[in-house]
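**Q** Just so we're aligned, residue 11 is where the sequence shown starts under this note's numbering, counting upward by one.
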Amino acid sequence: MTKKIIIANWKMNPKKAKEAQALFEAAKEGARGVKNIQIVVCPPFVWLGILKSNVQVKLGVQNCHWENSGAFTGEISAAMAADSGAEYVILGHSERRRYMGETDEIINLKIKSALKAKLKAVLCVGEKFGEEMSIVVESQIIKSLAGLSVNQMKDVILAYEPVWAVGTGHNCSPDNALSAGLFIRKTLTKLYSRFLAEKVPVLYGGSVDDENDNAYIDQSRLDGLLVGGASLDAEEFAGIIKGIGR
Ligand code: PEP
Numbered sequence: 011m012t013k014k015i016i017i018a019n020w021k022m023n024p025k026k027a028k029e030a031q032a033l034f035e036a037a038k039e040g041a042r043g044v045k046n047i048q049i050v051v052c053p054p055f056v057w058l059g060i061l062k063s064n065v066q067v068k069l070g071v072q073n074c075h076w077e078n079s080g081a082f083t084g085e086i087s088a089a090m091a092a093d094s095g096a097e098y099v100i101l102g103h104s105e106r107r108r109y110m111g112e113t114d115e116i117i118n119l120k121i122k123s124a125l126k127a128k129l130k131a132v133l134c135v136g137e138k139f140g141e142e143m144s145i146v147v148e149s150q151i152i153k154s155l156a157g158l159s160v161n162q163m164k165d166v167i168l169a170y171e172p173v174w175a176v177g178t179g180h181n182c183s184p185d186n187a188l189s190a191g192l193f194i195r196k197t198l199t200k201l202y203s204r205f206l207a208e209k210v211p212v213l214y215g216g217s218v219d220d221e222n223d224n225a226y227i228d229q230s231r232l233d234g235l236l237v238g239g240a241s242l243d244a245e246e247f248a249g250i251i252k253g254i255g256r
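This is the structure in structure tokens:
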């Protein structure tokens, strides 16, 4: 049985190191005894060094630069993140596309750099309110994965995150998430093969909580969840872990 993946995106939270440690320890506690589940917590870079991952709860980051090192003031490379304990990186998140002007071309460079640094790359795709899911998602996938080999795709995870559902409390219906997941696999089949498309984990993210979490696994037949706001509430996040782990 393949493990379900739950990724916590803490965004720019919490404000204090002690809070970060407590939240991380609570995730580890919540995961105790839960089977068939991989949890990945993505804190702000500054907390990486103080959080001790284990087999069940790994560390990731929310961004990286596309170069290994050099004159890029304020940036952090994938290699640095990996050396600080990260094993995953979220790339193409809608907040970075919106506030930092990240394009699919930049995201493509970042994915390549992440894979070189042996990080697993979690590529976020999704349409804004009023946009056609298939048009946006197909284009984001084609451009963001350009030039990636079949072998490199072993370390890529897709996350369907409709922009209108991220941080809004308006989660996507399980039926729509099912359609998006199937569409993502169809696009990967066209680019690579059906075999590969079935192997790449596809997650859902957008206002997931302790109530709606299971529907994305059972009804939408997805491989896991990307959780923002609810991952900052220790009890709620533990509830999601237990609900999916069962
Ligand atoms: C996210 O940050 O990727 C996310 C899905 O946020 P939220 O769960 O708060 O919608």
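From the three backbone atoms N, C-alpha and C, an ideal C-beta is built for every residue, glycine too. As the structure is a computational prediction, the values presented were derived from the model and not from experiment.
(1) Taking 8 Å as the line, does the beta carbon of Cys-182 fall inside it for any heavy atom of ligand 1?
(2) Please name the residue or residues paired with Tyr-70 in a DSSP beta bridge.
(3) Helix, strand or coil: how does DSSP classify Leu-188 here?
(4) Could you name the residues that DSSP lists as bridge partners for Leu-58?
(5) Under the DSSP definition of a beta bridge, which residues are partnered with Leu-213?
(6) Using the three-state DSSP reduction, which class does Gln-48 fall into: helix, strand or coil?
(7) For Val-176, is the beta carbon positioned less than 8 Å from some heavy atom of ligand 1?
(8) The alpha helix (DSSP H) that contains Ala-27, what's its start and end?
(9) Leu-133 by DSSP, collapsed to three states: which one?
(10) Is it the case that the Cβ atoms of Gly-216 and Val-176 are separated by a distance below 9 Å?
(11) Pull up the CB-CB distance for Leu-129 and Gly-102, whole angstroms please, since I reckon it's below 8 Å.
(12) What residue does the beta strand (DSSP E) around Lys-14 start on, and which one ends it?
(13) Just to check, is the beta-carbon of Val-51 closer than 8 Å to a non-hydrogen atom of ligand 1?
(14) Thinking Gly-257 and Asn-19 are a contact (beta carbons under 8 Å), I'd like their distance in whole angstroms, please.
(15) Suppose contacts are defined by Cβ-Cβ distances below 9 Å. Is Ala-127 in contact with Asn-78 by that definition?
(16) Go to Ile-254, then tell me how far its alpha helix (DSSP H) extends in each direction, as first and last residue.
**A** Judging by the given coordinates:
(1) no
(2) It is worth fixing the name first, because residue 70 is Gly in this sequence and not Tyr. In DSSP, Gly-70 forms a bridge with Tyr-98.
(3) Leu-188 falls in the helix class under three-state DSSP.
(4) In DSSP, Leu-58 forms no bridge with anything.
(5) Ala-169, Gly-234
(6) strand
(7) yes
(8) 27–41
(9) strand
(10) yes
(11) In fact, because the Cβ distance is near 14 Å, the residues do not count as touching under 8 Å.
(12) 14–19
(13) no
(14) Any property of residue 257 remains undetermined from this structure, which presents the chain solely from 11 to 256.
(15) Cβ atoms of Ala-127 and Asn-78: closer than 9 Å.
(16) In the DSSP assignment, Ile-254 falls within the unbroken alpha helix (DSSP H) covering 244–255.
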